[in-house]
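Engineer: Here the sequence shown is numbered in this note's numbering, starting from -10 and rising by one per residue.
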Amino acid sequence: MRGAICTICTELFDSSRDVSALRCGHIFHGDCLSPWLNQSMTCPQCRQKITKAAIIQKLFFSRPDADDSIAGEPSTSPELARIYSKLEETQNKLCLRDREVSKLSAEVSAIDDRAKQLTESYRLHIVLTCIF
Ligand SMILES: [Zn+2]
Ligand SMILES: [Zn+2]
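1) Counting only the same chain and skipping the five closest in sequence on each side, list residues whose C-beta sits under 7 Å from that of ASP102.
2) What I want to know is whether the C-beta of ILE16 ends up closer than 6 Å to one or more non-hydrogen atoms of ligand 1.
3) Can you round the beta-carbon distance between ILE45 and SER4 to whole angstroms, since I take them to be within the 8 Å contact cut?
4) Flag GLN37 as yes when its Cβ comes closer than 6 Å to any non-hydrogen atom of ligand 2, and as no otherwise.
5) ALA(-7) lies in the beta strand (DSSP E); which residues open and close that run?
6) Quick one: give me the first and last residue of the alpha helix (DSSP H) that SER74 is part of.
7) Using three-state DSSP, classify LYS47 as helix, strand or coil.
8) Between which two residues does the alpha helix (DSSP H) holding SER23 run?
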């Protein structure tokens, strides 16, 4: 991909512009190709006749290098991957913390119940002591 040019505008392909492909195998900028095809349905490079159905409107390039990933494919950015794995890690921790919290609040409500029971029996005890 590096060093390839669009023969319509003679500019290099980069990740900032969409790339279209024709059946004959030639590729051009999408915005260079469409005005051309409005005038003639032939390949600008080899003049082969083409049909609309034979045009691939957009090609996706996977780029292993970080430099080009800013504009195009965020999923290939190592920075983003790092952030995502950090996020996942944090979510896992949060999940663990959540489980701890619900365990503790279950304990709290158990203690609460026990306290209520004790209060009840204490009151009963006082009532009984007053009566007898
Ligand atoms: Zn072009
Ligand atoms: Zn061609």
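A virtual CB, placed ideally from N, CA and C, is assigned to each residue, including glycine.
All of these numbers come straight from a predicted model, not from anything done at the bench.
Structural biologist: Short version:
1) none
2) no
3) At roughly 17 Å, the Cβ-Cβ gap does not stay under 8 Å, so ILE45 and SER4 are not in contact.
4) yes
5) Unbroken run through ALA(-7): none, as it is neither H nor E.
6) 67 to 120
7) coil
8) 19 to 28
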